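Chains as they are written, first to last, in my numbering: chain A, 1 to 237; chain B, 1001 to 1237.
Protein chains: 2
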Amino acid sequence: MRAPYGLNILDNCLACPMREEHLFCNLPVAALQRLNEIKSTAVYPKSAMLFIEGQQPRGVFVLCTGKAKLSTSSAEGKTVITKISEAGDVLGLSATISNRPYEVTAEMIEPGQANFITRDALLHFLREHGEVAVRVAEQLSRNYYTAYEGIRTLGLTNSPSERFAKLLLGWSNSPGNGDPLQVKLKLTHEEIAEMIGTTRETVSRLFSQFKKKQLLQLKGATLIIRNKAALEKMASS
Amino acid sequence: MRAPYGLNILDNCLACPMREEHLFCNLPVAALQRLNEIKSTAVYPKSAMLFIEGQQPRGVFVLCTGKAKLSTSSAEGKTVITKISEAGDVLGLSATISNRPYEVTAEMIEPGQANFITRDALLHFLREHGEVAVRVAEQLSRNYYTAYEGIRTLGLTNSPSERFAKLLLGWSNSPGNGDPLQVKLKLTHEEIAEMIGTTRETVSRLFSQFKKKQLLQLKGATLIIRNKAALEKMASS
DNA sequence: ATCGCCCCGTGATCAGGATCACAAATAGCC
DNA sequence: GGCTATTTGTGATCCTGATCACGGGGCGAT
């Protein structure tokens, strides 16, 4: 098996090591077998676009490895990142289900593999396998909750510092990862700014301030949280 | 049939005059009949709470008549209104499906009737009637899109005036209603502020400015849009 | 090594809203 | 019809973060 971009390919969903943790992948064998037949697999380099905001939905992408950022932009070039997707996420689901244009752009920020399922194949598949439709509804609910959290933080929180604190805590409470106080930074200040609705400069200043206040520390690209309690107080202020 | 709060009760979904326009109500007769059996009907006065953010989901409400506002609040009492729900909307769906706490508070702002379906009954119903599960997925996708729009406007738009213009245009393009240039105002400035993430005072000033600029006009509680083109330019600026 | 490109840090300025504080107006309500 | 409670208009002040500007640093290509 070729390994472009230095990655191993997971060709068979049934043999996928992460199958169990992934909502959409942890299916009855029969369904998964069928899924395995209708999917096509590809590996993407960094900054590859899986799909672009406004395109007619071609189908869904199941992210197997790597990370992607989901973003939306305004006419004037301002951008918001709505989510950093990780392995196991299903991208483009709501657009594909409802047959409306993709509402976000999905761009790889870490190279990885994604399985693609065309809209037609997916719809057929869902009709055949009712139990999967429930998964779809679950995933949609999840997406909704995430979007919803976004609204809460953007709407209820007018200070960038508060949102910044929230973001840092979100990273440190990363799921599965036992509350690490160290996080590898993978986003540029610009991208962080796009996540919390502020500017690059402000993010830069926030890092400075937070360092000065002993809330955090930077070792190269590793972020160390020094005073979690204080961050939590800021975040919920 | 009693008519509390001056409203007629729609007791039978099959005979509902608005059945066709409502995504969740326009079902095959067999399914609707069953739905009719498992629902319970109630009429709510203004400012009645259907459910409150954080509560365990008891089930869903199908709004038959009237309007409700969906909102979420922070610890410090700041509030965002995420949506004004109209007849035909299904409230509490994602929370009920995923069995997570209601993520918003639903409060009637115009008295009306709602049919309630318990979580258990709904889940049974969905299993029996697969075609309805598709409706649910559709409705969830819809909700997602709405939430998503919220993020876009809150995140990409930092000026209240822009968001205000957007809101006005949203009203004037109200669905089904052939682009009326007149809209009956039903929200207080405070509530409008909560929709566009600003303060009551700013909304007041925005109305003044927009009137001065001949963009709109007020006749009592009726809003008349005077210069739609200009509003559109502001909204997409 | 050198160039060029993208990131990052930080200063100076500036404006738009948040906030506070009243007064006027309106809407319900008995 | 009058009375209270809510809603609205508007002024004054203040302050945060957006914007502009520029220099330094890292890193990959050639």
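Idealized CB from N, CA, C, for every residue including glycine. Computed from a predicted structure; not experimentally measured.
A/Glu162 carries a helical assignment under DSSP once its states are collapsed to helix, strand and coil. The beta carbons of B/Arg1127 and B/Gly1059 sit no closer together than 8 angstroms. Comparing alpha carbon positions, the residue from A/Ala75, A/Ala48, A/Gly54 and A/Ser71 closest to A/Asn99 is A/Gly54. In terms of Cα proximity to A/Glu194, the closest of A/Thr82, A/Val62 and A/Lys166 is A/Thr82. Under the DSSP assignment, A/Glu107 falls in the beta strand (DSSP E) whose first and last residues are Thr105 to Glu110. In the three-state reduction of the DSSP assignment, A/Thr96 falls in the helix class, which pools H, G and I. A straight line joining the alpha-carbon of B/Glu1191 with that of A/Leu70 spans about 31 angstroms. In the three-state reduction of the DSSP assignment, B/Ser1047 falls in the coil class. Between the alpha carbons of B/Ala1048 and A/Leu187 lies a distance of about 45 angstroms.
Here the C-alpha atom of B/Ala1095 lies approximately 27 angstroms from the C-alpha atom of B/Ile1009. When the alpha-carbon of B/Lys1039 is set against those of B/Ile1117, B/Leu1023 and B/Phe1061, the nearest one is in B/Ile1117. One thing to note: B/Cys1064 has its Cβ within 8 angstroms of the Cβ of B/Asn1115.
Leu1140, Ser1141, Arg1142, Asn1143, Tyr1144, Tyr1145, Ala1147, Tyr1148, Gly1150, Ile1151, Arg1152, Leu1154, Gly1155, Leu1156, Thr1157 and Asn1158: these are the residues of the stretch 1140–1166 of chain B whose beta carbon lies less than 8 angstroms from some beta carbon of chain A, given in chain order. Counting other Cβ atoms within 10 Å of its Cβ, B/Lys1166 reaches 16 or more and is therefore classed as buried. In the DSSP assignment, the residues bridged to B/Phe1061 are B/Leu1091 and B/Phe1116. The continuous beta strand (DSSP E) containing B/Thr1079 extends over residues Thr1079 to Ser1085.
Distance from the Cα of A/Gly88 is smallest, within the candidate group A/His129, A/His22 and A/Val203, for A/His22. One thing to note: A/Leu181 has its Cβ no nearer than 8 angstroms to the Cβ of A/Glu232.
Per the coordinates, the alpha-carbon of B/Asn1012 lies some 15 angstroms from the alpha-carbon of B/Phe1061.
Take the alpha-carbon of B/Cys1025 and the one of B/Tyr1148: they are about 24 angstroms apart. Of all residues in the stretch 1118–1136 of chain B, only Gly1130, Ala1133 and Val1136 place a beta-carbon less than 7 angstroms from a beta-carbon of chain A. The Cβ atoms of B/Ile1151 and B/Tyr1102 lie no closer than 8 angstroms to each other.
Beta-bridge pairing by DSSP links B/Gln1182 to B/Ile1224.
Nearest CB-CB separation between A/Val80 and chain B: below the 8 angstroms threshold. Here B/Ala1121 is not near B/Leu1091, since their CB atoms are 8 angstroms or more apart.
Residues of the stretch 186–200 of chain A with a C-beta atom less than 7 angstroms from some C-beta of chain B are Gly197, listed in chain order.
Residues of chain A with a Cβ closer than 7 angstroms to the Cβ of B/Ile1084 do not exist; the shortest Cβ-Cβ separation is about 15 angstroms. Between B/Leu1154 and A/Gly77 the beta-carbon gap is near 18 angstroms, outside 8 angstroms, which marks them as no contact.
Judged by DSSP secondary structure, B/Lys1039 falls outside any alpha helix (DSSP H); it is assigned neither H nor E. Close CB contacts of B/Glu1131 within its chain, under the 8 angstroms cut and outside five residues either way in sequence, are with Leu1027, Pro1028 and Ala1031 (chain order). Here A/Lys69 is bridged, per DSSP, to A/Ile84 and A/Glu107. Annotation: A/Glu138 to B/Tyr1145 spans about 16 angstroms, alpha carbon to alpha carbon. Excluding its 5 nearest sequence neighbours in each direction, B/His1189 has C-beta neighbours in its own chain below 8 angstroms: Arg1200, Val1203, Ser1204 and Phe1207, listed in chain order. For A/Gln217, the enclosing beta strand (DSSP E) covers residues Leu216 to Lys219.
Any Cβ of chain A closer than 8 angstroms to the Cβ of B/Ala1230 would place that residue at the interface, and such an atom is absent. When the five nearest sequence neighbours on each side are left out, the beta carbons in the same chain lying within less than 6 angstroms of the beta carbon of A/Ser73 are those of Thr79, in order along the chain.
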